[in-house]
Amino acid sequence: MVQHTVGCIGVSVILGQIDDSELDLVVKAQDIPLGITPGGGTVGGFGITIKEASRADNVIHWPTITIENPGRRSAIYKAASDALDSAEKVQATRMGFFTMGLEVARLPSWEIAEEIVKAINDYSKKESLLNKIMVVVSSPTQMSSFQYAITNISIISD
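Printed below as a string of structure tokens:
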């Protein structure tokens, strides 16, 4: 686990699974398809998906985004920003972003990291009850991308 501070918010980047029952709000994939088309359909028509379970009180799902979506960066940023606003509405103090669904969709790890970190950075400029964000990644590459994005926040948030 790597700990950082963005504004007044503590941000932890964790590799692997965690028990999310201690978090007030989480962002996860609803269904992780084993192959999706740009329109959100399944490749081959099989429709086999993996469900990402949660024990958190409030769960928000990532939108279906693929590598072929030209607006994937803005979709990630908007989903992360909307989730942070939702955290405020439910008076959350701790929330989590789970990136496995985005990683399985083969989105570039740096795009995922940069857009989530930009959203956290923009949100951190507001007064908020939110004081802890956990980013749970499922690969060392994604961990490295988040470390880079947080370390270089002033460069990516222009």
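In short: position in the sequence shown from 1, add 138, done, that's the numbering used here.
Beta carbons: idealized from backbone N, C-alpha and C, even for Gly.
Computed from a predicted structure; not experimentally measured.
According to the neighbour-count rule (16 or more other Cβ atoms, all chains shown, within 10 Å of its Cβ), is residue i buried or exposed?
i	result
D162	buried
M233	buried
R244	exposed
D223	exposed
I293	exposed
G182	Confidence at G182 is low in this model, with a pLDDT of 49, below 50, so its placement is unreliable and no value can be given for it.
G209	exposed
E253	buried
D157	exposed
When DSSP builds the beta bridges, which residues end up paired with residue i?
i	result
D233	It is worth fixing the name first, because residue 233 is Met in this sequence and not Asp. Bridge partners of M233: L163 and I271.
V228	Beta-bridge pairing links V228 to no other residue.
S150	Q141 and M272
I198	V165
Do residue j and residue i come within 8 angstroms of each other at the CB atom, strictly closer than that value?
i	j	result
F235	I271	yes
K264	S295	no
S247	T279	yes
S219	G145	no
Q155	G148	no
A221	L268	no
L153	V275	yes
Locate the beta strand (DSSP E) running through residue i, then write down its first and last residues.
i	result
Q108	Because the chain is modelled from 139 through 296, residue 108 falls outside the range shown and cannot be assessed.
What are the start and end residues of the alpha helix (DSSP H) that includes residue i?
i	result
N259	S247 to Y261
A311	The structure shown has nothing for residue 311, since the chain only spans 139 to 296.
G239	M238 to V242
State the CB to CB distance for the pair residue i and residue j, rounded to an integer number of angstroms; the pair is presumed to be in contact (CB under 8 angstroms).
i	j	result
A230	A287	No, A230 and A287 are not in contact; Cβ-Cβ is about 22 angstroms, not under 8 angstroms.
S213	V164	Correcting the residue type first, residue 213 is Ala in the shown sequence and not Ser. Rounded, the Cβ-Cβ distance is 18 angstroms, inconsistent with contact.
V228	N196	5 angstroms
V151	M281	6 angstroms
R211	E249	5 angstroms
Nearest chain D C-beta to residue i closer than 8 angstroms, yes or no?
i	result
L153	The structure shown has no chain D; it contains just one protein chain.
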